[in-house]
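Structure first, commentary second.
Residue numbers (my numbering): 1 to 520.
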């Protein structure tokens, strides 16, 4: 069935299923997003659409996390990592690791979360963001950093994403929305922790990002997201003293989107409305709103909002009843709790930087190790790589040794640049036509070795290599250029014996007229 359908997007034949599930998640309909993801996943697996399947698995995981079902989200992240397998696209690995990190933060497994985040952050920061998948992975890592209150590195990634122009308006809107919420959380934590002076610039930036969010929501014709932007603005205006404008923005905004528990904007709006209603004398409604925020905070580990609600409870009590031991105790509890979170945040930041440095050093050592085994001209293994294999007498190989025919004449007649291009092209043909487990080595100036573990299919490999070299359009490199290779085949035997026998066989192939295979 899938072979009869045209892809509706670059992502996969059934990507509309992923788009549907993703929209439900962004709108805060987590349960429905999970249902669509799981049903779509079964369908895509049956249809062989692996690209859409992995999107659906990821959306299912983030929706589970949004609902506070951390153990299930962690399980989905594990399934996604197994689905991706070894050698997966790095940005997809970063997405899965970020989801795993967020889930493990909620499960209290902070050390493991740090390990996942260090790897994920290194992946997304390795190069500029140029694709949707890279953007999505960067957002996932930023949200995971935010879940640990690591606002600085999270916001650095947000700033990069906000500067992008290639995503469509709805994707840029999603970036603006998460970036605005991050600034509000950052400012609230600072204010309640007794660092109000440091909070002010973040409230100002939150207003700017909410304005950007409103603009993009209008462009995307997304009224609910427009209302959520206005709720963010109302919260900031209320916290910074512009109560009248905050109230004018808040009530219409709250009427325009359903206050779903999964949405950060729901808690933001409730806190702002609790201040407005308390100031208007309705203490009972204010208390109910703040209690709802604290219940959700407890369920989903949104400590910033729960402790901000606690601080507002203390503020409302003082406003109505004056200073009291009870009000002072509430205020102190909120302040001390968030101050402790802030201190913990700083130690987590240092721990994350240590892990990133350790990973960078390990990757550098790995790259240096690989470089010492690679021929710089062709990218194949070098003689040192071959020596590694020769030192494994317990394993048997068949060896295919290829020698470029009349290579000196190629250099003399077409120039050394053309000769180098020929060697690189032959190496590329080897990489594309040898087996995944075969060992490819540049054996000499114009000689190559293919070691086939166990020897299965070695003759077919050798014959195929001769054929693809003959058919390659060598005129692309130089007019009048024609290239063939002579090949010797030997084994299975220990690698040293197989290579020596293949070397003798290739000499026989050259003596017999070249452009042929001789088995030793």
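Glycine is no exception: its CB is placed at the ideal position from the N, C-alpha and C atoms.
Note to self: Which residue marks the beginning of the alpha helix (DSSP H) containing residue 209, and which one marks its end?
What the structure shows: 196-219
Next item on the list: Output the boundary residues of the beta strand (DSSP E) element that contains residue 487.
Entry: 485-494
Notebook entry, point to check: How long is the line joining the alpha carbons of residue 247 and residue 208, rounded to whole angstroms?
Noted result: 19 Å
Check: For residue 307, which residues of its own chain have a beta-carbon under 7 Å away from its beta-carbon, when the five flanking residues on both sides are left out?
Finding: 192, 334, 337 and 338
Check: Does DSSP classify residue 381 as helix, strand or coil?
Finding: strand
Notebook entry, point to check: According to the neighbour-count rule (16 or more other Cβ atoms, all chains shown, within 10 Å of its Cβ), is residue 438 buried or exposed?
Noted result: buried
Next item on the list: Please look up how many angstroms separate the CB atoms of residue 312 and residue 253, rounded, as I've assumed it's under 8 Å.
Entry: In fact, because the Cβ distance is near 18 Å, the residues do not count as touching under 8 Å.
Item checked: Closest residue to residue 68 among 243, 106 and 118 (Cα-Cα distance) -> 106
Next item on the list: Could you tell me the distance, in whole angstroms, from the CA atom of residue 181 to the CA atom of residue 170?
Entry: 17 Å
Next item on the list: Over the uninterrupted alpha helix (DSSP H) stretch that includes residue 374, give me the two end residues.
Entry: Where residue 374 is concerned, there is no enclosing alpha helix (DSSP H), given that its DSSP letter is neither H nor E.
Checklist line | Residues bridged to residue 140 [DSSP beta-bridge criterion] | finding: Answer by DSSP bridge pairing: none, since residue 140 is not bridged.
Note to self: Per the DSSP calculation, residue 450 is bridged to which residue(s)?
What the structure shows: 400 and 440
Notebook entry, point to check: Quick one, which of 13, 73 and 48 has its alpha-carbon nearest residue 30's?
Noted result: 73
Margin query: Please list the terminal residues of the continuous alpha helix (DSSP H) segment that includes residue 517.
Written below: Residue 517 -> not in any alpha helix (DSSP H); beta strand (DSSP E) instead, spanning 517-519.
Next item on the list: Output the distance between the C-alpha atoms of residue 259 and residue 376, rounded to the nearest integer angstrom.
Entry: 60 Å
Next item on the list: Can you have a look at residue 57 and say buried or exposed, based on whether 16 or more other CB atoms are within 10 angstroms of its CB?
Entry: buried
Note to self: Which of the three DSSP states is assigned to residue 270 in this structure?
What the structure shows: helix
Notebook entry, point to check: Between residue 71 and the rest of its own chain, which residues show a CB-CB distance below 6 Å, the 5 nearest in sequence each way excluded?
Noted result: none
Check: What's the call for residue 431, buried or exposed, on a 16-neighbour Cβ count within 10 Å?
Finding: exposed
Checklist line | For residue 261, the three-state DSSP class (helix, strand or coil) | finding: coil
Check: Quick one: what does DSSP say residue 408 is sitting in, helix, strand or coil?
Finding: helix
Next item on the list: With distances taken Cα to Cα, identify the nearest neighbour of residue 498 among 262, 232 and 519.
Entry: 519
Check: What three-state label does DSSP hand residue 302 in the structure shown?
Finding: With a pLDDT of only 46 at residue 302, under 50, the local geometry of the prediction cannot be trusted, and the value read off the model is given with reservation. Three-state result, residue 302: coil.
Notebook entry, point to check: Under the rule that 16 or more other beta-carbon atoms within 10 Å means buried, what is residue 65, buried or exposed?
Noted result: buried
Margin query: Rounded to the nearest angstrom, what separates residue 54 and residue 14 at their Cα positions?
Written below: 12 Å
Item checked: Helix, strand or coil at residue 223 [DSSP, three-state] -> helix
Next item on the list: Output the distance between the C-alpha atoms of residue 329 and residue 272, rounded to the nearest integer angstrom.
Entry: 22 Å
Item checked: Where residue 121 falls: helix, strand or coil (DSSP) -> helix
Notebook entry, point to check: Taking just the CA atoms, how far does residue 276 sit from residue 245?
Noted result: 11 Å
Checklist line | Span of the alpha helix (DSSP H) around residue 39 | finding: 30-47
Check: Between the Cα of residue 200 and the Cα atoms of 214, 213 and 184, which residue gives the shortest distance?
Finding: 184
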